[in-house]
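Residue numbers (my numbering), protein chains in the order written: chain A, 238 to 360; chain B, 120 to 256. Note that CB positions come from ideal geometry on N, CA and C, so glycine has one too. For clarity, every value in this text was computed on a predicted model and none was experimentally measured.
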C-alpha cells in the first residue's frame, strides 16, 4: 500500500510491465541469416557462413525470450543464386534500417553492408 | 561538423590518396585502385548533390592532405586499405541518425564502403568476411 502510494507520488502509474515479444524486422533478418548461413556452408563459403552465424547469434540474443523456430532449407543451389540471395538479404536489412525508429538501426545497417559485400565479392 | 561533413571530408581525402598511391601499384591491385578512385569521385558527386538538394553549401576539398611517404606497392596498399577502413567507420556512425535523409545517404555510403573493403581484401589475398564492417577495433 505504501509502495503504490510512493510510486504514484513519484509520477509512476501501476501498469504491469510487458516484454517486447518480437520485432518483425529482427525476425525476418534472423530467418534470412539462417538461410544464407546454410546455403553458404553447403556451397563451401565457410568464411561467409561464419559472418551469417555471427548475425544469427546477435539477432537471437536481441529476440530473446522469443524463440524463433527453425525453418525449411533454402532453395539456393549455386553461387549465382547465393549472390541473388545475399543481395536480396542486403536490401531487406537496408529497408529495416531505414524504417526502424528503434535501437536496431545500426545492427540492420551493418548486416545490410555485410551481405552486400558478400554479393560484391561472389558476383 | 555533421556525420555527412565528416564523410565528405573523408571522400575528398580518399580521392587525393588514390591519386598519390595508385601509381605504385600493379596488376589487379592497380585495376581495383583505379576503379575505386572513380567510385569515390562518384560518391563525392552524390554528396555534393545531397548538399545542393538541402540548400546547403558544401565545403571544398583541401589543396592537399598529409600522407605518410609511399615507398612501394605494399605501402600504397596499406595506405588505401586503412583509408577505406576509416571511411567505413565514419559512414557507419551516420546510420544511427534520426534524420531520414541523412541516415539513408550514410547507409548507402557505408554499404558501398563495405563492398570496397571486401574487394580490397580479396585482391590482397585476405578473407573478405567481416560480420560487422566499419566497427571500430
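- In chain order, 346, 347, 349 and 350 make up the part of chain A whose C-beta sits under 9 Å from the C-beta of residue 229/B.
- The Cβ neighbour count for residue 140/B, taken over all protein chains shown within 10 Å, is at least 16; the residue is labelled buried.
- In terms of CA proximity to residue 356/A, 317/A leads the group 291/A, 264/A, 317/A and 311/A.
- Using a Cβ-Cβ cut-off of 9 Å, residue 219/B is close to 335 of chain A, given in chain order.
- Chain order gives the chain A residues near residue 251/B as 291, 347 and 351, where near means a beta carbon separation below 8 Å.
- For residue 277/A, the number of other beta carbons within 10 angstroms of its own is at least 16, and it is reported as buried.
- Here residue 151/B is not near residue 210/B, since their CB atoms are 8 Å or more apart.
- DSSP, reduced to helix, strand and coil, places residue 239/B within a helical segment of the structure shown.
- In the three-state DSSP reduction, residue 178/B falls in the coil class, being neither helix nor strand.
- Taking 8 Å as the upper bound for CB-CB distance, residue 297/A and residue 267/A are in contact here, some 7 Å apart.
- In the DSSP assignment, residue 307/A falls outside any alpha helix (DSSP H), carrying neither H nor E.
- About 7 Å separates the beta carbon of residue 295/A from that of residue 344/A, a gap short enough to meet the 8 Å contact definition.
- For the region 229-249 of chain B, the set of positions with a beta-carbon nearer than 9 Å to some beta-carbon of chain A reads 229, 230, 231, 232, 233, 234, 235, 236, 237, 238, 240, 241, 246, 247, 248 and 249 in chain order.
- Look at residue 149/B here: in three-state DSSP terms it is helix.
- For the pair residue 337/A and residue 144/B, the Cα-to-Cα distance works out to about 42 Å.
- Under the 8 Å criterion on CB atoms, residue 211/B is classed as interfacial with respect to chain A.
- The residues 235, in chain order, have a CB closer than 6 Å to that of residue 155/B in the same chain once the five nearest residues on each side in sequence are set aside.
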